[in-house]
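The opening position of the sequence shown corresponds to residue 0 in numbering that gives the first Met the number 0, with each subsequent residue numbered one higher.
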Amino acid sequence: MNTNQPSLRECPAWAALQDHREAIAPLTLRHLFADDPERGERLSLDAVGLYLNYAKNRITDETVRLLVQLAETSGLRERIDAMFRGERINVSENRSVLHIALRAPRGTSILVDGVNVVDDVHAVLDRMAAFAEHVRDGTWKGHTGQRILNVVNIGIGGSDLGPVMAYEALRFYSDRSMTFRFVSNIDGTDFVEATRDLNPAETLFVVASKTFTTLETMTNAHAARDWLLQGLGGDQAAVARHFVAVSTNAEAVSQFGIDTTNMYGFWDWVGGRYSMDSAIGLSTMLAIGPENFRAMLDGFHAMDEHFRTAPFTQNMPVLMGLLAVWYNNFFGAQTIAVLPYEQYLKRFPAYLQQLTMESNGKHVTLKGAPVGVDTGPVYWGEPGTNGQHSFYQLIHQGTRLIPCDFIAFGQPLNPLGHHHDMLLANVFAQGEALAFGKTPEEVAAEGSPDWLVPHRTFEGNRPSNTLLLERLTPAALGKLVALYEHSVFTQGAIWDIDSFDQWGVELGKVLAKRILPELGHSEPELSHDRSTNALIQRYRQLRGP
Ligand code: F6P
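Given below as structure tokens:
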């Protein structure tokens with residue numbers, strides 16, 4: 000471990016931000032807007048079809064200057080360039096980080112060990128597209144000759160959250176004659192509920208696992224094979240017509256019994272949580288078709304190019320990443336709420352949980368020294384307006400500072416009466432209420448009795464970003480996801496951590512393997528801590544022999 004590196008706290012750019020934070024502490028958003036009315040328009044950015052208004056943040060132009068200075072001194076530019084060049088910036092796993100290659104246009108070039116990976120990417124995309132077309136037009140038949148009408152994706156983590164989020168987000172564009180289900184949990188209920196009303200003869204399983212060793216996925220895949228064979232009379236040949244695999248591990252795929260001609264590959268330089276635009280997106284492509292899938296990739300690419308080329312002051316992912324650092328490290332904010340005012344994005348916060356927290360939940364720097372400052376904030380959220388009737392109370396009047404990202408679209412996909420205007424009125428109102436609140440004087444002037452005034456007062460001064468896009472299209476989704484990917488990257492670069500490994504999930508897996516054989520027997524003697532022993536003993540009684 001190298002502990003000789005100066006810690007982030009000792010860096011002059013960090014210290015300058017700390018001083019600045021103290022200097023602007025007395026300034027509320029009411030003050031900031033009164034002193035500088037133009038900030039409402041000036042602190043905004045139009046990029047690749049996304050409009051970000053970040054004026055309702057507790058910042059001044061000087062804050063942005065100092066945050067950008069921190070980014071520059073932290074080597075963000077060099078790290079971006081290194082990622083795009085295919086360098087092995089995932090140091091603890093010695094891997095390149097090239098999800099950006101998954102959406103690079105045909106004919107471009109990104110070399111890894113002398114091989115142009117963009118050609119490989121498009122070769123897989125072409126195979127996926129041919130397969131997806133065959134399934135969608137009914138040319139690909141099940142074992143009994145019936146058309147495939149149901150697709151069940153089996154995967155977990157990045158092999159589930161991206162596909163299920165993208166399916167829900169782009170459902171409007173999906174083939175409504177088909178049914179899509181997603182099984183992830185080792186809890187048998189997940190599989191049973193997902194398949195209980197499906198006809199095996201019409202069902203295709205996509206087993207999605209980068210490693211093809213993940214316990215949950217392999218257990219569910221075996222359950223799926225049993226279910227299929229039981230439903231189709233036990234003929235093993237049925238597996239080839241009803242199972243396809245998405246993986247980097249051809250050997251394990253073939254051991255499972257899936258013909259590798261029905262396998263769609265990707266590469267070790269695609270992290271699980273960055274893989275929804277790789278072959279892991281096969282279920283998405285089956286749902287929305289290859290053309291829409293490619294439009295989504297184009298959206299990703301547009302944001303990649305913006306991130307790669309725009310100066311930091313005009314760079315949307317960089318600014319959002321820096322604002323996250325600002326609140327996380329200089330205001331002690333522990334969470335960021337992501338609040339899409341778009342029902343189709345209902346799984347977007349869940350998707351972001353893995354993207355952000357598996358990436359930046361790290362405690363040591365690239366060189367293994369303690370980071371010394373707080374890293375990854377907790378990302379969470381729900382679609383509006385539902386959240387307003389649930390947890391927004393705490394954001395408005397609680398004691399914690401929770402920066403919010405509001406996401407909204409100008410045009411509804413399902414116009415219905417005045418619903419969309421009402422939806423948008425709400426998102427704008429929330430940002431306004433959080434920022435400016437309601438003073439005791441304003442409350443009293445409305446006629447509230449004195450004793451009620453404190454209860455009805457809104458402090459305000461609560462920050463938010465608002466992202467406004469034209470319409471939720473496949474390309475817009477790609478841009479949004481890439482925006483958050485690169486914001487996460489920016490944060491990780493400031494903290495000098497490895498945003499692309501996930502060693503933290505290993506210990507629990509190892510312990511579960513050790514505990515599993517202990518559950519069914521009264522032997523061997525348990526040697527865990529006494530709390531764990533007590534739980535296992537109680538479970539042994541509950542489960543019965
Ligand atoms: O939870 C750890 C993890 O490795 C994630 O990073 C990954 O997305 C998930 O498990 C699934 O892994 P795989 O695609 O290899 O089954």
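Note that the Cβ used here is the ideal one computed from N, Cα and C, for glycine as well.
Where residue i falls, given that 16 or more other Cβ within 10 Å makes a residue buried
i, result
"tryptophan 13", "buried"
"serine 389", "exposed"
"asparagine 52", "buried"
"leucine 214", "exposed"
"tryptophan 379", "buried"
"aspartate 60", "exposed"
"serine 526", "exposed"
"valine 509", "exposed"
"threonine 489", "buried"
"asparagine 93", "exposed"
"glutamate 381", "buried"
"valine 151", "buried"
"tryptophan 450", "exposed"
"serine 108", "exposed"
"proline 36", "exposed"
"proline 11", "exposed"
Unbroken beta strand (DSSP E) run spanning residue i, endpoints
i, result
"methionine 262", "262 to 264"
"valine 206", "202 to 207"
"leucine 464", "Leucine is not the amino acid found at residue 464; the sequence shown has asparagine there. Element bounds for asparagine 464: 463 to 468."
"valine 151", "149 to 153"
"asparagine 52", "49 to 52"
"tryptophan 379", "377 to 379"
"phenylalanine 242", "242 to 246"
"isoleucine 394", "Not the beta strand (DSSP E): isoleucine 394 falls in the alpha helix (DSSP H), residues 391 to 396."
"threonine 334", "334 to 339"
"alanine 46", "43 to 46"
Expected contact under 8 Å - CB spacing of residue i and residue j to nearest Å
i, j, result
"cysteine 403", "alanine 349", "Not quite, the Cβ-Cβ distance comes to about 17 Å (not below 8 Å), so this is no contact."
"serine 252", "threonine 260", "Position check: residue 252 holds valine in this sequence, whereas serine was assumed. Not really, about 11 Å apart at Cβ, beyond 8 Å."
"leucine 97", "glycine 85", "6 Å"
"leucine 354", "arginine 272", "5 Å"
"isoleucine 406", "tyrosine 340", "7 Å"
"alanine 207", "serine 158", "4 Å"
Endpoints, the alpha helix (DSSP H) within which residue i is located
i, result
"tryptophan 13", "11 to 23"
"proline 406", "According to the sequence as given, residue 406 is isoleucine; it is not proline. Unbroken run through isoleucine 406 is the beta strand (DSSP E), 403 to 408; no alpha helix (DSSP H)."
"arginine 180", "Note, arginine 180: premise wrong, no alpha helix (DSSP H); beta strand (DSSP E) at 178 to 182."
"leucine 31", "28 to 34"
"valine 117", "116 to 136"
"leucine 321", "315 to 329"
"aspartate 60", "60 to 72"
"alanine 368", "Element bounds for alanine 368: n/a, residue is neither H nor E."
"tryptophan 226", "214 to 230"
"valine 163", "160 to 168"
"methionine 356", "That residue, methionine 356, is in no alpha helix (DSSP H); it is neither H nor E in DSSP."
"phenylalanine 190", "187 to 194"
"threonine 308", "289 to 308"
Same chain only: Cβ atoms within 8 Å of residue i, ignoring 5 sequence neighbours per side
i, result
"alanine 424", "none"
"threonine 210", "Ser246, Thr247, Asn248, Ala251"
"tyrosine 343", "Glu167, Ala168, Leu169, Arg170, Phe171, Leu412, Leu471"
"asparagine 1", "Residue placement at asparagine 1 cannot be trusted, given a pLDDT of 42 that sits under 50; the coordinates are not used to answer."
"leucine 351", "Val337, Tyr378, Gly380, Tyr483"
"proline 439", "Val452, Pro453, Thr456"
"tyrosine 50", "Ser43, Leu44, Leu466, Leu467, Leu468"
Same chain, Cβ closer than 7 Å to residue i, five either side skipped, listed in chain order
i, result
"histidine 121", "Arg105"
"glutamate 545", "What is shown of the chain runs 0 to 544, which leaves residue 545 out entirely."
"glycine 503", "Gly360"
"phenylalanine 435", "Leu28, Arg29, Gly459"
"proline 199", "Trp226, Leu227, Gly230, Leu231"
"lysine 345", "Glu167, Pro382"
Cβ shell of residue i (< 6 Å), same chain only, five flanking positions each side left out
i, result
"leucine 65", "Ala15, Leu16, His19"
"threonine 531", "none"
"serine 486", "Pro316, Met319, Gly320"
"methionine 421", "none"
"leucine 42", "Tyr53, Ala54"
"asparagine 460", "Thr27, Leu28"
"serine 447", "Arg455"
"methionine 177", "Leu148"
"glutamate 375", "The amino acid occupying residue 375 in the given sequence is glycine; glutamate does not appear at that position. Met356, Asn359, Gly360."
"glycine 39", "Ala54"
"alanine 220", "Ile153, Val206"
Using a Cβ distance threshold of 8 Å, determine whether the segment 289 to 304 contacts the segment 355 to 362, with at least three qualifying pairs required.
no
Does the segment 133 to 143 come within contact of the segment 182 to 189, defined as at least 3 CB pairs closer than 8 Å?
no
Using 8 Å as the Cβ pair cut-off and three pairs as the minimum, do the segment 113 to 130 and the segment 221 to 229 touch?
no
Check whether the segment 142 to 149 touches the segment 234 to 242, counting contact only when three or more Cβ pairs, one atom from each stretch, lie closer than 8 Å.
yes
Indicate whether the contact test is met: 3 or more Cβ pairs, each with one atom in the segment 261 to 271 and one in the segment 107 to 120, closer than 8 Å.
yes
Count the CB pairs spanning the segment 504 to 521 and the segment 289 to 297 that are closer than 8 Å, and state whether there are at least three.
no
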